[in-house]
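Chains as they are written, first to last, in the working numbering: chain Z, 1 to 258; chain R, 1001 to 1482.
In structure tokens:
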């Protein structure tokens, strides 16, 4: 099966490890991954900030409509593509684009959805001997309904010690530009999320959205909590003896102080 | 639009008001305790009904039917209510509604009225409008009375004094309630007893009551008030004159529709299977209850909201507060930060539409779009989708030159393959962000570290490692283009 990767602008720019991990997992399962180089951004940041970019919807459709399946290592971007693209196209008066984006939306999958619903792979052969807690991001549970798919994938990882996160389904306070437009409320929500993470005693906080992890990880780093944040793909890509995040010396979750 | 002197200031800034609230430890504790209790009770009550999603869909459909033929249903309601002896008045805005209510009261010669807690009268600032004409309105709902005695503003739709704890309530009673017992404690029973004795005198003295309504039935001309304390029942039955201010979106087509809402409302609002008191009346019943019954149908911006195809779903709202109780933003700010009458997620979609987004430009951004509000809404208002639409309207209606420039520049970069690659490569400069002290990222770095930029963007790795011709199969490129 030929799968196109829509890597998302955030991962492309700041977290290429997540893109590499997504490619590695799928290739390990015997699938061919393609990366259309003219892809840029789904436009969610624009949309949710009040700026509509029908050009980005058109670009996404042009880049990906010829594929059987498109994998997105972000529930939030996948949800935006599925639910917001047709709305933006319609608001711009482009009914044809709206229909094309609706048709394509059915073939756009968040990583855990692709693995379980399309590829039927619950055990991807990963090895990750660490204590991990999982934060189900808002758009993954409430917008995309991935349900327990990420947890099922994580439970099949050898060596992993999965611990439950108290109040897991409560928002971490990221919310895209909310984090800078309403920094105080965002920080108040972040504080509670970090408290919950620390309560678990986990070494690693995992989620399916690098954006939320950038926020929670940035907060954990600020207090020198010693908890790493890893995207689901990075844990699923880890293998025994590999040089992925299972090993020592990974840079993921590192930060600089501005 | 006027919002009464205590209710509205021009374009309140949510971020600044919220910043004050998050640092108020007492407020945070009070609201966290209250909302988490109601949240748990709601979850239990809703979990009992296997057909909750169907009920929810029915609730949305009934409201949509009423809203899409409001002209017809309003006239049907008026005819039915008048036939049963009610006087129906139409008010375009707050000023008209306040004037109508004041004239009705003045015609009775009374100077004091009792009130059933009502969002519509809160919205039009009725209490202060009456005070300006020498009429004193006494709130009789316990929480509304606490807010009134404390010269405070409501911070929650259902529990206006949710931001107060019992010690604070005791202080307010001792300070402001002339007939409070000298040895009043902060035990809930003692506080309720003091309020009860205070209110009983008002119920027996006042000859005019003012209420809102939860539902108005077009078919029969009936109004319904749902409440928990019995104060509403007293107000609706004891006085000689009853004036009800009813937003035009409160209509439901038929009496049977109440079956759906009397399940949805109590379970969503207080986590109860049934409201302790459902008072339902149709015009005048000779010899029983108020003999002069007035209904003021209030528009106050609602017709304008109806014009917006997406935004009008906000008018389905039955004021249950489930969205407030579940909202992680509301839980940390309380209601005052939202500036208007309607706080929380529903306020963030309703207020900008009622008063004009230019007067509430920050409210559509007062959400992380986490979706919890939509999940619990008993009439399935897609609050996040409406918020996103209102963000667009807000950006159009107000001036944000800096943000416009940033998003325009990002948009230009994202529309070209090579421009975008260059932009991605420049992300490395983020390493030096600290040295330049970039102001726009300060709200981020105040609370969090910046991520360490990678040596190269993902696409450069891809081109180097994967996007090479492989043994005769040709280049793997697809989807070229600029």
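By construction, the Cβ of each residue, glycine as well, lies at the ideal position given by its N, Cα and C atoms.
Beta carbon of residue 131 of chain Z, beta carbon of residue 203 of chain Z: below 8 Å? In the first chain, the residue the question calls residue 131 of chain Z occupies position 131. In the first chain, the residue the question calls residue 203 of chain Z occupies position 203. Yes.
In the DSSP assignment, what residue or residues form a beta bridge with residue 1292 of chain R? Residue mapping note: residue 1292 of chain R aligns to position 292 of the second chain, counting from 1. Per the DSSP secondary-structure output, residue 1292 of chain R pairs in a beta bridge with R:1241.
Could you tell me the distance, in whole angstroms, from the CA atom of residue 1144 of chain R to the CA atom of residue 1132 of chain R? If you number the second chain from 1, residue 1144 of chain R lands on position 144. If you number the second chain from 1, residue 1132 of chain R lands on position 132. Between the alpha carbons of residue 1144 of chain R and residue 1132 of chain R lies a distance of about 20 Å.
For my contact list, residue 152 of chain Z and residue 91 of chain Z are in at a C-beta cut-off of 8 Å; report their separation, rounded to the angstrom. To locate residue 152 of chain Z, count along the first chain from 1; it is residue 152. To locate residue 91 of chain Z, count along the first chain from 1; it is residue 91. With 8 Å as the limit, residue 152 of chain Z and residue 91 of chain Z do not qualify as a contact, their Cβ atoms being about 37 Å apart.
When DSSP builds the beta bridges, which residues end up paired with residue 1114 of chain R? Within the second chain, numbered from 1, the residue matching residue 1114 of chain R stands at position 114. Its beta-bridge partners are R:1138 and R:1209.
Under a CB-based cut-off of 8 Å, is residue 46 of chain Z close to chain R? Position 46 of the first chain, counted from the first residue, corresponds to residue 46 of chain Z. So yes, residue 46 of chain Z belongs to the interface.
Using 8 Å as the limit for Cβ to Cβ distance, is residue 221 of chain Z near chain R? Along the first chain, read from residue 1 onward, the residue named residue 221 of chain Z stands at position 221. With 8 Å as the cut-off, residue 221 of chain Z counts as an interface residue toward chain R.
Cβ-based contacts, 9 Å cut-off: residues of the stretch 164-185 of chain Z near chain R: Within the stretch 164-185 of chain Z, the qualifying residues are 169, 170, 171, 172, 173, 174, 175, 176, 177, 178, 179, 180, 181, 182, 183, 184 and 185.
Excluding five sequence neighbours on each side, which residues of the same chain lie with their C-beta closer than 6 Å to the C-beta of residue 85 of chain Z? As a first step, residue 85 of chain Z is located in the first chain; it is residue number 85 there, counting from the start. The residues are 57 and 101.
List the whole-angstrom C-beta distance separating residue 214 of chain Z from residue 1451 of chain R, where the pair is believed to meet the contact cut-off of C-beta under 8 Å. Within the first chain, the letter at position 214 stands for residue 214 of chain Z. Within the second chain, the letter at position 451 stands for residue 1451 of chain R. In this structure residue 214 of chain Z is in contact with residue 1451 of chain R, their Cβ atoms being roughly 5 Å apart against a cut-off of 8 Å.
Select from R:1456, R:1229, R:1135 and R:1322 the residue whose C-alpha is nearest the C-alpha of residue 1109 of chain R. Along the second chain, one-based indexing puts residue 1109 of chain R at 109. Minimum Cα distance to residue 1109 of chain R is reached at R:1135.
Buried or exposed (CB count within 10 angstroms, at least 16 for buried), residue 1012 of chain R: Stepping through the second chain from its first residue, residue 1012 of chain R is reached at position 12. By the 10 Å Cβ count, residue 1012 of chain R comes out buried.
Proximal residues to residue 1330 of chain R (C-beta, below 6 Å), its chain only, five neighbours per side dropped: The residue you call residue 1330 of chain R lines up with position 330 of the second chain. Taken in chain order, the residues that qualify are 1324 and 1344.
Does the beta-carbon distance from residue 1105 of chain R to residue 1089 of chain R come in below 8 Å? On the second chain, position 105 is the one that residue 1105 of chain R refers to. On the second chain, position 89 is the one that residue 1089 of chain R refers to. No, the Cβ-Cβ distance between residue 1105 of chain R and residue 1089 of chain R is not below 8 Å.
Among all the DSSP beta bridges, which residues are the ones paired with residue 172 of chain Z? Residue 172 of chain Z sits at position 172 when you count from the first residue of the first chain. Beta-bridge pairing links residue 172 of chain Z to no other residue.
From residue 1158 of chain R to residue 1320 of chain R, what does the alpha carbon distance come to, in whole angstroms? Stepping through the second chain from its first residue, residue 1158 of chain R is reached at position 158. Stepping through the second chain from its first residue, residue 1320 of chain R is reached at position 320. As the crow flies, the alpha-carbon of residue 1158 of chain R is around 7 Å from that of residue 1320 of chain R.
Could you run through the stretch 1205-1223 of chain R and flag, in chain order, every residue whose CB is less than 9 Å away from some CB of chain Z? Cβ contacts with chain Z come from no residue of the stretch 1205-1223 of chain R.
Any beta-carbon of chain Z closer than 8 Å to the one on residue 1018 of chain R? Locating residue 1018 of chain R in the second chain gives position 18, counting from the first residue. Yes, residue 1018 of chain R lies at the interface with chain Z (some Cβ there is under 8 Å from its Cβ).
Residues of chain Z with a CB under 7 Å from the CB of residue 1366 of chain R: which are they? For the purposes of this step, residue 1366 of chain R is taken as residue 366 along the second chain, with counting starting at 1. Taking a Cβ-Cβ threshold of 7 Å, the residues of chain Z close to residue 1366 of chain R are 182, in chain order.
Which ranges would you report for the alpha helix (DSSP H) in the stretch 1347-1433 of chain R if only whole runs of at least 4 residues count? Runs of the alpha helix (DSSP H) spanning 4 or more residues and lying entirely within the stretch 1347-1433 of chain R occur at 1372-1376, 1383-1397, 1401-1414 and 1417-1426, in chain order.
On the criterion of 16 or more Cβ atoms from any shown chain inside 10 Å, does residue 195 of chain Z qualify as buried, or is it exposed? As a first step, residue 195 of chain Z is located in the first chain; it is residue number 195 there, counting from the start. Residue burial annotation: residue 195 of chain Z is exposed, with fewer than 16 other C-beta atoms found within 10 angstroms of its C-beta.
Buried or exposed: residue 193 of chain Z, going by 16 or more other Cβ atoms within 10 Å of its Cβ? Against the first chain, residue 193 of chain Z aligns to sequence position 193. Result: buried.
Using 8 Å as the threshold, is the stretch 1347-1366 of chain R in touch with the stretch 1080-1096 of chain R, meaning 3 or more CB pairs across them? Taking 8 Å as the limit for Cβ pairs, the verdict is that the stretch 1080-1096 of chain R does not touch the stretch 1347-1366 of chain R.
Starting from residue 2 of chain Z and walking both ways along the beta strand (DSSP E), at which residues does that stretch end? As a position in the first chain, residue 2 of chain Z is number 2, starting the count at 1. Here the beta strand (DSSP E) through residue 2 of chain Z covers 2-5.
I want to see whether chain Z comes within less than 8 Å of residue 1370 of chain R, judged by CB atoms only; does it? For the purposes of this step, residue 1370 of chain R is taken as the residue at position 370 of the second chain. Taking Cβ atoms only, chain Z reaches closer than 8 Å to residue 1370 of chain R, which makes this a yes.
Which residues, taken in chain order from the stretch 1308-1342 of chain R, show a beta carbon closer than 7 Å to some beta carbon of chain Z? Those would be 1328, 1329, 1332 and 1333, in chain order.
Would you be able to state if there are at least three C-beta pairs under 8 Å between the stretch 1280-1293 of chain R and the stretch 1235-1248 of chain R? Short answer: they touch.
Check whether chain Z comes within 8 Å of residue 1011 of chain R, counting only Cβ atoms and requiring the distance to be less than that. Here residue 1011 of chain R refers to the residue found at position 11 of the second chain. Under the 8 Å criterion on CB atoms, residue 1011 of chain R is classed as non-interfacial with respect to chain Z.
Among R:1221, R:1447, R:1439 and R:1311, which has the Cα closest to the Cα of residue 1381 of chain R? Indexing the second chain from 1 puts residue 1381 of chain R at position 381. Out of R:1221, R:1447, R:1439 and R:1311, R:1311 has the C-alpha closest to the C-alpha of residue 1381 of chain R.
Does the CB of residue 56 of chain Z have a neighbour CB from chain R at under 8 Å? Here residue 56 of chain Z is taken as the residue at index 56 of the first chain, counted from 1. By this cut-off, residue 56 of chain Z is an interface position.
Three-state secondary structure assigned by DSSP to residue 1096 of chain R: Here the question's residue 1096 of chain R lines up with position 96 in the second chain. In this structure, residue 1096 of chain R counts as helix in the three-state DSSP scheme.
Express the C-alpha separation of residue 50 of chain Z and residue 1393 of chain R in angstroms, rounding to a whole number. What you label residue 1393 of chain R is simply residue 393 of the second chain in a count that begins at 1. What you label residue 50 of chain Z is simply residue 50 of the first chain in a count that begins at 1. Approximately 7 Å between the Cα atoms of the pair.
Residue range of the beta strand (DSSP E) that includes residue 1156 of chain R: Along the second chain, one-based indexing puts residue 1156 of chain R at 156. From DSSP, residue 1156 of chain R is part of no beta strand (DSSP E); its letter is neither H nor E.
Contacting positions in the stretch 1425-1452 of chain R - beta carbon closer than 7 Å to chain Z: Of all residues in the stretch 1425-1452 of chain R, only 1427, 1431, 1433, 1434, 1441, 1443, 1444, 1445, 1446, 1447, 1448, 1449, 1450, 1451 and 1452 come within less than 7 Å of chain Z when Cβ atoms are compared, listed by chain position.
Let me check one thing: in DSSP terms, what residues is residue 47 of chain Z bridge-paired to? Taking the first residue of the first chain as 1, we reach residue 47 of chain Z at position 47. For residue 47 of chain Z, which the question treats as bridged, DSSP gives no partner whatsoever.
If I follow the unbroken beta strand (DSSP E) through residue 965 of chain R, where does it start and stop? With chain R represented from 1001 up to 1482, any question about residue 965 of chain R goes unanswered, as that position is not in the structure.
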